[in-house]
Every structure is written in C-alpha cells, then in structure tokens.
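So the sequence shown is numbered by the numbering used here: it starts at 9 and just counts up by one. Every residue, glycine too, gets a C-beta built ideally from N, C-alpha and C. Because the structure is a prediction, the values reported are computed rather than measured.
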Amino acid sequence: MRLLKGAVVIYVLACVISLLLILATVRSWFGLEPDPFVAIYAVTLSLPWVLLMPDLELFGAFNGVAALMLGMLVNLALLLGLVHLLGLRGRSGA
Numbered sequence: 009m010r011l012l013k014g015a016v017v018i019y020v021l022a023c024v025i026s027l028l029l030i031l032a033t034v035r036s037w038f039g040l041e042p043d044p045f046v047a048i049y050a051v052t053l054s055l056p057w058v059l060l061m062p063d064l065e066l067f068g069a070f071n072g073v074a075a076l077m078l079g080m081l082v083n084l085a086l087l088l089g090l091v092h093l094l095g096l097r098g099r100s101g102a
C-alpha cells in the first residue's frame with residue numbers, strides 16, 4: 009500500500025516538473041532556450057488520453073497544455089482509485 013502511495017507522489021511530482029519545464033523553456037528561465045521537444049515528457053505522462061486528440065497544435069498553446077493537464081488528471085484519478093480499491097481489499101483480509 010505504501011508503495012502505491014509513493015507511486016502517486018512520484019507521478020504528481022513528475023507531472024508538475026514536466027509542466028514547469030514547458031513553462032521554463034517558453035519563458036527562457038535559467039537561460040533555457042525554447043525547445044519544442046520539451047513537451048514530450050508531459051505527453052508521455054498524459055498517455056493514453058492524449059492519443060484521442062490527433063494534433064495538439066490545432067488547439068493552440070494554452071489549450072494544448074490544458075489538454076495535457078486534463079490527461080494527467082485523468083491518470084491521477086485512475087491511480088488514486090486503484091490505491092483506494094487495493095486499500096479496501098487489503099482491509100477486508102482477502
């Protein structure tokens with residue numbers, strides 16, 4: 009159970025870092041140059057839901073990032089549901 013909770017924390021941190029990395033390259037923070045491939049980390053973390061959208065560029069920059077965040081939130085909800093389900097199963101003694 010603690011392992012799954014740790015996985016949730018790691019997933020949330022990875023999502024936040026990937027979104028901050030996108031923002032850092034767009035705003036050129038810390039001397040980072042704009043890189044179009046930096047969003048691949050966020051795309052990977054929002055799979056498989058991002059595959060339902062054929063081309064994120066058609067939505068524009070803001071809506072594309074919002075779609076990535078929505079995919080991450082769906083994955084987080086599924087992961088939290090799995091933790092809850094396994095937690096209930098562990099308490100019932102099965």
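Query: Are the CB atoms of Val24 and Thr33 within a distance shorter than 7 Å?; Result: no
Query: Rounded to whole angstroms, what is the Cα-Cα separation between Val17 and Arg10?; Result: 11 Å
Query: Return the chain-ordered list of same chain residues with a C-beta closer than 8 Å to the C-beta of Ser36, the five sequence neighbours on each side being excluded.; Result: Pro42
Query: Which of the three DSSP states is assigned to Met9 in this structure?; Result: coil
Query: What separation, rounded to the nearest whole angstrom, lies between the Cα atoms of Gly79 and Ala22?; Result: 14 Å
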